[in-house]
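**Student:** Using my numbering, the letters of the sequence shown map in sequence onto residues 24 to 332. Where a beta carbon is used, it is the ideal one built from N, C-alpha and C, also for glycine. All values reported here derive from a predicted model rather than from experimental measurement.
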Amino acid sequence: MSRRIMLVTHPTRSDVPHLASEFAERLGRHGIEVEVVPEADPTHQVVGDSEVVALKSPVPGHVDASGCELVVVFGGDGTILRGAEIARPAGTPLLGVNLGRVGFLAEAEKDDIEVIVARIVDRDYHVERRMTLEVDVVHDGRVVCHNWALNEASVEKSARERMLELAVEVDGRPLSTWGCDGVVMSTPTGSTAYAFSGGGPIVWPDVEALLVVPISAHALFARPVVLGPDAHLAVEVVPHSHVTGVMWCDGRRTVELPPGARIEVRRSTTPVRLARLGTGPFTDRLVAKFALPVSGWRGPAGGLPEATA
(Lines of atoms letter the chains of each structure in order from A; the text may use other names.)
(Lines give C-alpha, C1' and ligand atoms only; values in the text may rest on other atoms or scores of the structure.)
Protein backbone atom coordinates (compact mmCIF):
# COMPACT_ATOMS: atom_id res chain seq x y z
CA MET A 24 0.00 0.00 0.00
CA SER A 25 1.35 3.45 -0.90
CA ARG A 26 2.39 5.79 1.87
CA ARG A 27 1.40 9.46 1.95
CA ILE A 28 2.59 12.42 4.01
CA MET A 29 0.77 15.76 4.19
CA LEU A 30 3.02 18.83 4.40
CA VAL A 31 1.95 22.17 5.92
CA THR A 32 4.37 25.08 5.50
CA HIS A 33 4.86 28.62 6.74
CA PRO A 34 3.32 30.88 4.07
CA THR A 35 6.01 33.56 3.77
CA ARG A 36 9.43 32.24 4.78
CA SER A 37 11.89 32.32 1.89
CA ASP A 38 13.61 29.06 2.87
CA VAL A 39 10.40 27.00 2.81
CA PRO A 40 10.25 26.15 -0.95
CA HIS A 41 13.78 24.69 -0.91
CA LEU A 42 13.18 22.74 2.31
CA ALA A 43 9.84 21.39 1.09
CA SER A 44 11.36 20.35 -2.23
CA GLU A 45 14.27 18.59 -0.53
CA PHE A 46 11.93 16.85 1.92
CA ALA A 47 9.58 15.63 -0.83
CA GLU A 48 12.45 14.49 -3.03
CA ARG A 49 14.09 12.48 -0.25
CA LEU A 50 10.82 10.76 0.72
CA GLY A 51 9.96 10.19 -2.94
CA ARG A 52 13.07 8.05 -3.33
CA HIS A 53 11.44 5.64 -0.89
CA GLY A 54 8.08 5.66 -2.62
CA ILE A 55 6.42 8.01 -0.11
CA GLU A 56 4.14 10.63 -1.63
CA VAL A 57 4.10 14.17 -0.20
CA GLU A 58 0.99 16.33 -0.55
CA VAL A 59 1.53 20.04 0.14
CA VAL A 60 -1.41 21.92 1.67
CA PRO A 61 -2.13 25.12 -0.31
CA GLU A 62 -2.78 28.48 1.28
CA ALA A 63 -6.45 29.38 1.70
CA ASP A 64 -8.15 32.66 0.84
CA PRO A 65 -7.08 34.97 3.71
CA THR A 66 -10.40 36.82 3.56
CA HIS A 67 -12.37 33.66 4.33
CA GLN A 68 -14.28 34.13 7.59
CA VAL A 69 -16.42 31.04 8.07
CA VAL A 70 -15.82 27.84 10.06
CA GLY A 71 -18.40 25.19 9.20
CA ASP A 72 -21.84 26.76 9.40
CA SER A 73 -20.80 29.51 11.83
CA GLU A 74 -20.35 33.01 10.48
CA VAL A 75 -19.28 34.54 13.79
CA VAL A 76 -15.77 33.08 13.76
CA ALA A 77 -12.90 34.92 12.11
CA LEU A 78 -9.80 32.96 11.16
CA LYS A 79 -6.11 33.71 10.97
CA SER A 80 -4.56 31.89 7.97
CA PRO A 81 -7.46 29.46 7.54
CA VAL A 82 -7.20 25.91 6.26
CA PRO A 83 -8.75 25.21 2.83
CA GLY A 84 -12.08 23.48 3.28
CA HIS A 85 -11.25 20.52 1.02
CA VAL A 86 -8.12 19.47 2.92
CA ASP A 87 -8.50 16.03 4.52
CA ALA A 88 -5.62 14.21 6.22
CA SER A 89 -7.47 10.88 6.30
CA GLY A 90 -5.24 8.15 4.91
CA CYS A 91 -2.06 10.12 5.58
CA GLU A 92 0.59 8.60 7.79
CA LEU A 93 1.70 11.97 9.18
CA VAL A 94 0.99 15.66 8.91
CA VAL A 95 4.44 17.30 8.84
CA VAL A 96 4.73 21.04 9.50
CA PHE A 97 7.58 23.37 8.53
CA GLY A 98 7.20 26.52 10.61
CA GLY A 99 6.88 27.88 14.12
CA ASP A 100 4.24 27.14 16.73
CA GLY A 101 1.62 29.17 14.84
CA THR A 102 2.04 27.04 11.73
CA ILE A 103 2.03 23.88 13.83
CA LEU A 104 -1.30 24.95 15.34
CA ARG A 105 -2.60 25.36 11.80
CA GLY A 106 -1.38 21.83 11.08
CA ALA A 107 -3.25 20.62 14.18
CA GLU A 108 -6.50 21.87 12.63
CA ILE A 109 -5.86 19.50 9.72
CA ALA A 110 -4.50 16.53 11.68
CA ARG A 111 -6.98 16.41 14.58
CA PRO A 112 -10.23 15.53 12.71
CA ALA A 113 -8.50 12.62 10.96
CA GLY A 114 -6.61 11.43 14.04
CA THR A 115 -3.37 11.73 12.04
CA PRO A 116 -0.13 12.26 14.03
CA LEU A 117 1.43 15.72 13.71
CA LEU A 118 5.19 16.24 13.39
CA GLY A 119 6.57 19.78 13.71
CA VAL A 120 9.87 20.95 12.21
CA ASN A 121 10.82 24.28 13.76
CA LEU A 122 11.57 27.28 11.55
CA GLY A 123 10.56 29.82 14.20
CA ARG A 124 12.14 31.24 17.34
CA VAL A 125 10.96 28.88 20.11
CA GLY A 126 8.93 26.18 18.41
CA PHE A 127 7.86 24.52 21.64
CA LEU A 128 5.48 22.20 19.80
CA ALA A 129 8.14 21.24 17.25
CA GLU A 130 9.98 17.94 17.45
CA ALA A 131 12.99 18.79 15.28
CA GLU A 132 14.92 21.63 13.65
CA LYS A 133 15.28 22.32 9.93
CA ASP A 134 18.90 21.12 9.97
CA ASP A 135 17.63 17.64 10.91
CA ILE A 136 15.89 16.98 7.56
CA GLU A 137 18.04 13.96 6.71
CA VAL A 138 17.41 12.32 10.08
CA ILE A 139 13.68 13.19 9.97
CA VAL A 140 13.29 11.54 6.57
CA ALA A 141 15.14 8.41 7.70
CA ARG A 142 12.97 8.12 10.81
CA ILE A 143 9.76 8.53 8.77
CA VAL A 144 10.90 5.93 6.25
CA ASP A 145 11.59 3.45 9.07
CA ARG A 146 8.42 4.47 10.96
CA ASP A 147 10.82 5.11 13.83
CA TYR A 148 8.71 7.47 15.95
CA HIS A 149 6.18 7.26 18.73
CA VAL A 150 2.93 9.15 19.24
CA GLU A 151 1.72 11.17 22.23
CA ARG A 152 -1.91 12.08 22.83
CA ARG A 153 -2.34 15.70 23.87
CA MET A 154 -5.48 16.90 25.60
CA THR A 155 -7.61 19.51 23.83
CA LEU A 156 -10.50 21.73 24.90
CA GLU A 157 -14.07 21.99 23.66
CA VAL A 158 -15.26 25.61 23.73
CA ASP A 159 -18.82 26.93 23.45
CA VAL A 160 -19.85 30.59 23.31
CA VAL A 161 -23.38 31.08 24.66
CA HIS A 162 -25.40 34.29 24.29
CA ASP A 163 -29.07 34.88 25.04
CA GLY A 164 -29.42 31.23 26.00
CA ARG A 165 -28.15 29.71 22.75
CA VAL A 166 -24.78 28.43 21.56
CA VAL A 167 -23.58 30.92 18.95
CA CYS A 168 -20.20 29.29 18.36
CA HIS A 169 -18.55 25.93 19.01
CA ASN A 170 -14.77 25.64 18.76
CA TRP A 171 -11.75 23.83 20.22
CA ALA A 172 -8.18 24.50 21.32
CA LEU A 173 -4.92 22.61 21.76
CA ASN A 174 -3.13 25.34 23.75
CA GLU A 175 -5.75 27.64 25.22
CA ALA A 176 -8.99 29.54 24.96
CA SER A 177 -8.46 33.13 26.06
CA VAL A 178 -10.98 35.87 26.77
CA GLU A 179 -9.55 39.35 26.30
CA LYS A 180 -10.75 42.94 26.35
CA SER A 181 -11.35 44.53 22.97
CA ALA A 182 -10.60 48.12 24.05
CA ARG A 183 -7.22 48.97 25.52
CA GLU A 184 -8.51 51.76 27.75
CA ARG A 185 -11.29 49.73 29.40
CA MET A 186 -11.14 46.95 31.97
CA LEU A 187 -13.04 43.73 31.26
CA GLU A 188 -15.23 42.40 34.08
CA LEU A 189 -15.32 38.61 34.05
CA ALA A 190 -17.16 36.21 36.35
CA VAL A 191 -15.49 32.78 36.58
CA GLU A 192 -17.28 29.56 37.49
CA VAL A 193 -15.98 26.05 38.15
CA ASP A 194 -18.44 23.15 37.98
CA GLY A 195 -21.39 25.53 38.21
CA ARG A 196 -20.08 27.30 41.32
CA PRO A 197 -18.76 30.90 41.37
CA LEU A 198 -14.99 31.16 41.82
CA SER A 199 -14.34 34.89 41.50
CA THR A 200 -15.08 38.05 39.53
CA TRP A 201 -12.12 39.89 38.11
CA GLY A 202 -11.66 43.30 36.59
CA CYS A 203 -8.84 42.41 34.25
CA ASP A 204 -7.31 42.40 30.78
CA GLY A 205 -8.55 38.84 30.30
CA VAL A 206 -8.28 35.24 31.39
CA VAL A 207 -6.54 32.21 29.86
CA MET A 208 -8.01 28.70 30.09
CA SER A 209 -5.23 26.33 29.13
CA THR A 210 -4.27 22.70 28.66
CA PRO A 211 -0.93 21.38 29.95
CA THR A 212 0.36 21.71 26.38
CA GLY A 213 -0.60 25.39 26.46
CA SER A 214 0.97 25.97 29.87
CA THR A 215 4.22 26.99 28.12
CA ALA A 216 2.43 29.42 25.77
CA TYR A 217 0.08 32.29 26.64
CA ALA A 218 -0.59 30.96 30.16
CA PHE A 219 3.16 30.96 30.89
CA SER A 220 3.48 34.57 29.72
CA GLY A 221 0.65 35.50 32.09
CA GLY A 222 2.45 34.03 35.10
CA GLY A 223 0.87 30.58 35.08
CA PRO A 224 2.67 27.40 36.13
CA ILE A 225 4.41 25.04 33.71
CA VAL A 226 2.52 21.75 33.70
CA TRP A 227 4.13 18.58 32.35
CA PRO A 228 2.18 17.33 29.30
CA ASP A 229 1.41 13.94 30.84
CA VAL A 230 -0.46 15.63 33.69
CA GLU A 231 -4.19 15.79 33.06
CA ALA A 232 -5.35 19.22 34.21
CA LEU A 233 -6.94 22.51 33.22
CA LEU A 234 -5.39 25.89 34.02
CA VAL A 235 -7.08 29.22 34.70
CA VAL A 236 -4.74 32.23 34.53
CA PRO A 237 -6.10 35.78 35.01
CA ILE A 238 -4.29 38.49 33.04
CA SER A 239 -3.49 41.76 34.87
CA ALA A 240 -6.40 41.29 37.28
CA HIS A 241 -7.24 44.13 39.67
CA ALA A 242 -8.17 41.91 42.61
CA LEU A 243 -6.80 40.55 45.89
CA PHE A 244 -7.43 36.97 44.79
CA ALA A 245 -6.14 36.59 41.26
CA ARG A 246 -3.83 33.60 41.38
CA PRO A 247 -3.54 30.98 38.64
CA VAL A 248 -5.61 27.91 39.42
CA VAL A 249 -4.95 24.31 38.39
CA LEU A 250 -8.09 22.17 38.12
CA GLY A 251 -8.86 18.52 37.53
CA PRO A 252 -9.25 17.37 33.92
CA ASP A 253 -13.01 16.85 34.21
CA ALA A 254 -13.76 20.30 35.59
CA HIS A 255 -16.25 22.44 33.67
CA LEU A 256 -15.16 26.06 33.35
CA ALA A 257 -17.32 29.04 32.51
CA VAL A 258 -16.34 32.69 32.04
CA GLU A 259 -19.04 35.32 31.63
CA VAL A 260 -18.61 38.89 30.43
CA VAL A 261 -20.51 40.72 33.19
CA PRO A 262 -23.69 42.13 31.54
CA HIS A 263 -23.80 45.52 33.28
CA SER A 264 -20.19 46.35 32.39
CA HIS A 265 -21.07 47.46 28.83
CA VAL A 266 -17.56 46.38 27.77
CA THR A 267 -17.13 43.92 24.91
CA GLY A 268 -14.45 41.28 24.68
CA VAL A 269 -13.02 38.76 22.24
CA MET A 270 -12.30 35.07 22.62
CA TRP A 271 -9.32 33.47 20.91
CA CYS A 272 -8.75 29.74 20.43
CA ASP A 273 -5.03 29.04 20.03
CA GLY A 274 -4.52 32.61 18.83
CA ARG A 275 -6.02 31.59 15.48
CA ARG A 276 -9.80 31.62 15.72
CA THR A 277 -11.56 34.59 17.26
CA VAL A 278 -15.14 35.44 18.29
CA GLU A 279 -16.51 38.77 19.46
CA LEU A 280 -18.10 38.69 22.92
CA PRO A 281 -20.85 41.17 23.81
CA PRO A 282 -21.75 41.85 27.47
CA GLY A 283 -23.52 38.79 28.87
CA ALA A 284 -21.70 36.33 26.62
CA ARG A 285 -20.68 33.12 28.37
CA ILE A 286 -17.73 30.93 27.40
CA GLU A 287 -17.94 27.30 28.51
CA VAL A 288 -14.81 25.15 28.42
CA ARG A 289 -14.31 21.44 29.11
CA ARG A 290 -11.92 18.66 28.17
CA SER A 291 -12.47 17.29 24.67
CA THR A 292 -12.70 13.61 23.81
CA THR A 293 -10.72 14.29 20.60
CA PRO A 294 -6.98 14.75 21.26
CA VAL A 295 -4.20 15.99 19.03
CA ARG A 296 -1.68 13.22 18.36
CA LEU A 297 1.93 14.47 18.30
CA ALA A 298 4.61 12.37 16.62
CA ARG A 299 7.81 12.24 18.65
CA LEU A 300 11.29 11.32 17.42
CA GLY A 301 13.18 11.73 20.68
CA THR A 302 12.84 9.74 23.88
CA GLY A 303 14.19 12.28 26.36
CA PRO A 304 12.05 13.64 29.21
CA PHE A 305 10.05 16.86 29.03
CA THR A 306 12.67 18.50 31.26
CA ASP A 307 15.18 18.39 28.40
CA ARG A 308 12.76 20.13 26.05
CA LEU A 309 11.92 22.76 28.66
CA VAL A 310 15.55 23.62 29.31
CA ALA A 311 16.46 23.65 25.61
CA LYS A 312 13.53 25.80 24.45
CA PHE A 313 13.74 28.37 27.23
CA ALA A 314 17.57 28.24 27.37
CA LEU A 315 17.49 27.92 31.15
CA PRO A 316 20.95 27.90 32.78
CA VAL A 317 21.64 24.58 34.52
CA SER A 318 24.90 24.96 36.41
CA GLY A 319 27.05 21.87 36.86
CA TRP A 320 24.82 19.50 34.87
CA ARG A 321 26.83 16.86 33.01
CA GLY A 322 23.96 14.78 31.68
CA PRO A 323 23.23 13.56 28.15
CA ALA A 324 23.95 15.94 25.29
CA GLY A 325 20.91 17.45 23.60
CA GLY A 326 19.85 17.11 20.00
CA LEU A 327 17.92 14.64 17.91
CA PRO A 328 19.20 11.06 18.06
CA GLU A 329 20.60 9.64 14.84
CA ALA A 330 18.41 7.35 12.78
CA THR A 331 19.29 3.70 12.80
CA ALA A 332 20.23 2.15 9.49
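Give the straight-line distance between the Cα atoms of I28 and V95, rounded to the nearest whole angstrom.
**Tutor:** Sequence index remark: in the sequence shown, residue 28 carries index 5 (1-based). Sequence index remark: in the sequence shown, residue 95 carries index 72 (1-based). Their Cα atoms are separated by approximately 7 Å.
**Student:** Pull up the distance between the alpha-carbon of T277 and that of M24, whole angstroms please.
**Tutor:** The residue you call residue 277 lines up with position 254 of the sequence shown. The residue you call residue 24 lines up with position 1 of the sequence shown. Whole-angstrom Cα-Cα distance: 40 Å.
**Student:** If you draw a straight line from the alpha carbon of R26 to that of P262, how long is it in whole angstroms?
**Tutor:** Residue numbering aside, residue 26 sits at position 3 when the sequence shown is read from its first letter. Residue numbering aside, residue 262 sits at position 239 when the sequence shown is read from its first letter. Counting only the Cα atoms, P262 lies some 54 Å from R26.
**Student:** Ignoring anything shorter than 4 residues, give me the alpha helix (DSSP H) runs that lie fully in the region 116-162, in order along the chain.
**Tutor:** 136-144
**Student:** Going by the CB atoms, is the gap between V140 and F244 shorter than 8 Å?
**Tutor:** Looking up residue 244 in the sequence shown gives position 221. Looking up residue 140 in the sequence shown gives position 117. For the 8 Å CB-CB criterion, F244 and V140 do not form a contact.
**Student:** Whole-angstrom Cβ separation of M208 and V235, contact assumed at under 8 Å?
**Tutor:** In the sequence shown, residue 208 corresponds to position 185, counting from 1. In the sequence shown, residue 235 corresponds to position 212, counting from 1. Sure, about 6 Å apart at Cβ, within 8 Å.
**Student:** H169 by DSSP, collapsed to three states: which one?
**Tutor:** Stepping through the sequence shown from its first residue, residue 169 is reached at position 146. In the structure shown, H169 sits in a strand (DSSP, three-state: E or B).
**Student:** Select from L156, S264 and R299 the residue whose C-alpha is nearest the C-alpha of E287.
**Tutor:** In the sequence shown, residue 287 corresponds to position 264, counting from 1. Nearest C-alpha to E287: L156.
**Student:** Any heavy atom of the ligand SAH within a distance shorter than 7 Å of the CB on P112?
**Tutor:** In terms of ligand content, the structure shown is empty, and the ligand SAH therefore cannot be addressed.
**Student:** Between the region 106-114 and the region 80-94, are three or more C-beta pairs nearer than 8 Å?
**Tutor:** yes
**Student:** What do you get for P304, buried or exposed, if any count of 16 or more other CB atoms within 10 angstroms of its CB means buried?
**Tutor:** Taking the first residue of the sequence shown as 1, we reach residue 304 at position 281. Classification of P304: exposed, given that the 10 Å Cβ count is below 16.
**Student:** Short of 8 Å in beta carbon distance, which residues of its chain neighbour G99, apart from the five on each side in sequence? Order them along the chain.
**Tutor:** Taking the first residue of the sequence shown as position 1, residue 99 is located at position 76. Excluding its 5 nearest sequence neighbours in each direction, G99 has C-beta neighbours in its own chain below 8 Å: H33, N121, L122, G123, R124, V125, G126 and A129, listed in chain order.
**Student:** In terms of alpha-carbon separation, which member of G54, V150 and R185 lies closest to V295?
**Tutor:** One-based indexing of the sequence shown puts residue 295 at position 272. Ranking G54, V150 and R185 by Cα distance to V295 puts V150 first.
**Student:** When we look at the beta-carbon of D38 and count the other beta-carbons within 10 Å, is it buried (16 or more) or exposed?
**Tutor:** Counting from 1 along the sequence shown, the entry for residue 38 is found at position 15. Exposed, since its Cβ has fewer than 16 Cβ neighbours within 10 Å.
**Student:** I286 lies in the beta strand (DSSP E); which residues open and close that run?
**Tutor:** On the sequence shown, residue 286 is found 263 positions in, with the first residue counted as 1. Note, I286: beta strand (DSSP E), R285 to R290.
**Student:** Is it right to say R290 is buried, meaning 16 or more other beta carbons lie within 10 angstroms of its own, or is it exposed?
**Tutor:** Along the sequence shown, one-based indexing puts residue 290 at 267. It is buried - the Cβ of R290 has at least 16 other Cβ atoms within 10 Å.
**Student:** DSSP three-state label for H33, please.
**Tutor:** The residue labelled residue 33 in the question sits at position 10 within the sequence shown. Coil.
**Student:** Need the endpoints of the beta strand (DSSP E) that F97 sits in, please.
**Tutor:** Taking the sequence shown and counting its residues from 1, the one referred to as residue 97 is at position 74. First-last of the beta strand (DSSP E) with F97: L93 to G98.
**Student:** Using a Cβ-Cβ cutoff of less than 7 Å, which residues in the same chain neighbour C354 once the five nearest sequence positions on both sides are dropped?
**Tutor:** Shown here, the chain extends from 24 to 332; a query on residue 354 therefore has no answer.
**Student:** Rounded to the nearest angstrom, what separates R308 and D163 at their Cα positions?
**Tutor:** Counting from 1 along the sequence shown, the entry for residue 308 is found at position 285. Counting from 1 along the sequence shown, the entry for residue 163 is found at position 140. Cα to Cα, the separation comes out at about 44 Å.
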